[in-house]
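A.B. asks: One gets the numbering used here by counting positions in the sequence shown from 1 and adding 18 to each.
The beta-carbon is built from N, C-alpha and C at its ideal position, and this holds for glycine as well.
First, the structure itself, so that you have it in front of you.
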Amino acid sequence: MIDLRSDTVTRPGRAMLEAMMTAPVGDDVYGDDPTVNALQRYAADLSGKEAALL
Numbered sequence: 019m020i021d022l023r024s025d026t027v028t029r030p031g032r033a034m035l036e037a038m039m040t041a042p043v044g045d046d047v048y049g050d051d052p053t054v055n056a057l058q059r060y061a062a063d064l065s066g067k068e069a070a071l072l
């Protein structure tokens, strides 16, 4: 059974755990998180805007 009620009842699989452990991280408040920066750039490009904040 797959339980999709909430992220608090699901368990990450091996691939998700690996992604979490190897993801580059930084402080998004200071613009130092490459994952957040890439997501914001993608959202800006997708919406045709100069910048995006998530």
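Mind reading off the beta-carbon distance from LEU72 to VAL54? Whole number of angstroms is fine, and I expect it under 8 Å.
C.D. replies: Between VAL54 and LEU72 the Cβ distance is about 7 Å, and since that is below 8 Å, they are a contact.
A.B. asks: Helix, strand or coil: which one does DSSP assign to LEU57?
C.D. replies: Helix at LEU57.
A.B. asks: Span of the alpha helix (DSSP H) holding LEU35?
C.D. replies: 32-40 is the extent of the alpha helix (DSSP H) around LEU35.
A.B. asks: Tell me which same chain residues have a C-beta within less than 6 Å of the C-beta of PRO42, skipping the five on either side of it?
C.D. replies: PRO52.
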